[in-house]
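**Student:**
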């Protein structure tokens, strides 16, 4: 299948079947993240792979939009190391997008849930405490992953004419 198909059909999935994800699929997802571009190839990201339901349940309480995590058999917390690169945020976000596309290609559902928010520093503090993160490690997002247990939602995307200007 054309790789663009997976980009065009990727959607946020928040309901999952109670089915474990095999280690080989998880490694493929992480390998996709590792292949993301980064400023000066510094690769300032780090990924916490969480299958422990008690930890997932705690993460689902990070903020009001994180509740769906409790349904997921797998959560990846994507972090950026601010000592490695001042572009830790952008670089880690590129890796997160690769995770989402890899999940779609592997017939898994996934949803990106932000942690990083300068207006809500308590989110980072909460996740840092749960995962015992070192000071320089900044949690950017939690990605819930599982076999979809919902129809793929229809969403409206803005037309190209609305978001581009040819010069």
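In this note's numbering, the protein residues as written are 1345 to 1511.
Think of the CB as a built atom: it goes at the ideal place given N, C-alpha and C, for glycine as much as any other residue.
DSSP state of residue 1418, grouped into three classes?
**Tutor:** strand
**Student:** How far does the beta strand (DSSP E) with residue 1393 in it extend, from its first residue to its last?
**Tutor:** In this chain, the beta strand (DSSP E) harbouring residue 1393 covers 1389 to 1394.
**Student:** In the DSSP assignment, what residue or residues form a beta bridge with residue 1540?
**Tutor:** What the structure shows of the chain is the stretch from 1345 to 1511, and residue 1540 is not part of that stretch, so it cannot be assessed.
**Student:** Helix, strand or coil for residue 1465, going by three-state DSSP, please let me know.
**Tutor:** Looking at residue 1465 - three-state DSSP - the assignment turns out to be helix.
**Student:** Do the region 1423 to 1434 and the region 1478 to 1494 meet, that is, are 3 or more Cβ pairs less than 8 Å apart?
**Tutor:** Contact annotation: the region 1423 to 1434 touches the region 1478 to 1494, with at least three C-beta pairs closer than 8 Å.
**Student:** Please work out which residues of its chain come closer than 6 Å, Cβ to Cβ, to residue 1361, disregarding the five sequence neighbours upstream and downstream, and give them in chain order.
**Tutor:** 1491 and 1493
**Student:** By the three-class DSSP mapping on this structure, what secondary structure does residue 1454 have?
**Tutor:** strand
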